[in-house]
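Reading through the structure tokens given below for one structure.
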Amino acid sequence: MTIQRASFFAASDENHRPLSAASNSDQLEEQALVQMKSYSSSKESSPTLASKVDQLEGMLKMLREDLKKEKEDKAHLQAEVQHLREDNLRLQEESQNASDKLKKFTEWVFNTIDMS
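Below you can see the structure in the form of structure tokens.
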């Protein structure tokens, strides 16, 4: 659904080249605001223009909500990635410690056998 809304705005500007999701969203919002201002400042106030303005305002609201949710999801995923990195580091340290202990134990066993 977000893609459809974004493609609606992008289709109105054929030279549109998104740099990133955030800048793309900002650019779409700016385009929508410019369009709404031009419609509302127009002396010709027809029901068609008013309905288009209402539609654009609704789409802009949905895009803002989508952007907010995407930012929240991104923050959540970044926190999860950080937690996984910490777990990975801890597990690597535990693995190294276990490997060192096994090596010492193996040396001890071979030294004990050689002494016998």
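Take 1 as the starting number for the sequence shown in full-length UniProt numbering and just add one per residue. We treat Cβ as the ideally placed atom computed from N, Cα and C, and that holds for glycine.
In the structure shown, Ser95 adopts helical secondary structure according to DSSP, grouped into three states.
Per the C-alpha coordinates, the member of Asp26, Gln78, Leu84, Leu33 positioned closest to Val53 is Leu33. Straight across, the Cα-Cα distance linking Glu72 with Gln27 is about 20 angstroms.
In chain order, Glu29 place their CB closer than 8 angstroms to the CB of Arg64, counting only its own chain and leaving out the 5 sequence neighbours on each side. In this structure, DSSP gives Ser46 a state outside helix and strand, which the three-state scheme calls coil. Across the structure, Ser95 and Leu102 are spaced so that their CA atoms are roughly 10 angstroms apart. Counting the other Cβ atoms within 10 Å of the Cβ of Leu60 gives 16 or more, which makes it buried.
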